[in-house]
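Written below as structure tokens is the structure these notes are about.
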Amino acid sequence: MKNSKKNISAIFCWFESNMKEARSELDFKNPYQLIVAVILSAQCTDKRVNMVTPALFEKYPEPQLLANADFDEVYQLIKSVSFPNNKAKHLIGMAQKLCNEFNGIMPKEVAQLETLPGVGRKTANVVASIIYRAPVIAVDTHVFRVSHRLGLSNGKNPLEVELDLNKLIPQEKRADAHHWLILHGRYICKALKPQCTSCPISQWCPSSQTSDKK
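Our numbering applies: residue 130 is where the sequence shown begins, and numbers increase by one.
Printed below as a string of structure tokens:
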């Protein structure tokens, strides 16, 4: 169900006033570390990724070293995350292309980021948004769910939801809105047990008035 413009405005005003420090919960120090962490985070918790990356970054502190890494050594360092086999291949391939085609410098354009192995639209949007404050919104499972429950979008897939959010959110606020929606979904508007009774924006949420939280 779509929400009213008035309610949507109130929701984002609340986010802006109360979540000024919202940021990614992945630990990283530079664009290279961020893209590695985001690739690892696919279908995996940020907490688990943050447990894995310190040793990975210690052994491969720059993309040039990861580009020449041995697959088995990378695999051993990340084997506790989901799909470690594929992710080890993607990390090495990403580093190789980053070095060979972009001189080790993280590209700014989403389309260029998407050419890197293991980097889909969501990952590209995350990197572009966080590093370059690009006016894009990455739609992960949390953003997808929260957008539907809050009546921001009826999109059937992440791209449709992204396009709907772009219509609602000014360019200069999209980088922050990405974090607002993710964190709200992670801690309040949970998949199985949404905390509607304690939700600070429930008064503007159409889903909070129903028993259907799908």
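Even glycine gets a Cβ: it sits at the ideal position worked out from N, Cα and C. Fair warning: this is a prediction, and the values are worked out from it, not measured in the lab.
query = Where does Glu-238 fall in DSSP's three states?
reply = For the purposes of this step, residue 238 is taken as residue 109 along the sequence shown, with counting starting at 1. Three-state result, Glu-238: coil.
message = By the three-class DSSP mapping on this structure, what secondary structure does Ser-327 have?
response = For the purposes of this step, residue 327 is identified with residue 198 of the sequence shown, where counting begins at 1. Reduced to three states, the DSSP call for Ser-327 is helix.
inquiry  = Quick check: what's the CA-CA separation for Pro-264 versus Val-272?
reply    = Locating residue 264 in the sequence shown gives position 135, where the first residue counts as 1. Locating residue 272 in the sequence shown gives position 143, where the first residue counts as 1. Going by the C-alpha atoms only, they are around 16 Å apart.
inquiry  = Within 10 Å of its beta-carbon, does Ala-240 have 16 or more other beta-carbons around it, so buried, or fewer, so exposed?
reply    = Translated into the one-based positions of the sequence shown, residue 240 becomes position 111. So Ala-240 ends up on the exposed side.
key: Extent of the continuous alpha helix (DSSP H) run through Cys-318   = Here residue 318 corresponds to residue number 189 of the sequence shown, with the count starting at 1. Run containing Cys-318: none; DSSP gives neither H nor E here.
ask   = Helix, strand or coil: how does DSSP classify Trp-333 here?
value = Sequence index remark: in the sequence shown, residue 333 carries index 204 (1-based). Trp-333: helix per DSSP, three-state reduction.
request  = Tell me, please, whether the region 217 to 231 touches the region 274 to 286 by the rule of three or more beta-carbon pairs shorter than 8 Å.
outcome  = no
ask   = Could you give the residue range of the alpha helix (DSSP H) that holds Lys-189?
value = In the sequence shown, residue 189 corresponds to position 60, counting from 1. Here residue 189 is Tyr; the residue named in the question, Lys, does not match the sequence. Taken as a continuous stretch (DSSP letters only), Tyr-189 belongs to no alpha helix (DSSP H), as it is neither H nor E.
key: Limits of the unbroken alpha helix (DSSP H) element including Cys-228   = Position 99 of the sequence shown, counted from the start, is the residue given in the question as residue 228. It spans 213 to 231 - the alpha helix (DSSP H) in which Cys-228 sits, taken as one unbroken run.
ask   = For Leu-245, does the three-state DSSP call read helix, strand or coil?
value = Walking along the sequence shown from the start, residue 245 turns up at place 116. If DSSP states are grouped into helix, strand and coil, Leu-245 belongs with coil.
query = Quick one: Cα of Tyr-204 to Cα of Pro-213, how far?
reply = Along the sequence shown, read from residue 1 onward, the residue named residue 204 stands at position 75. Along the sequence shown, read from residue 1 onward, the residue named residue 213 stands at position 84. Their backbone Cα atoms lie some 6 Å apart in a straight line.
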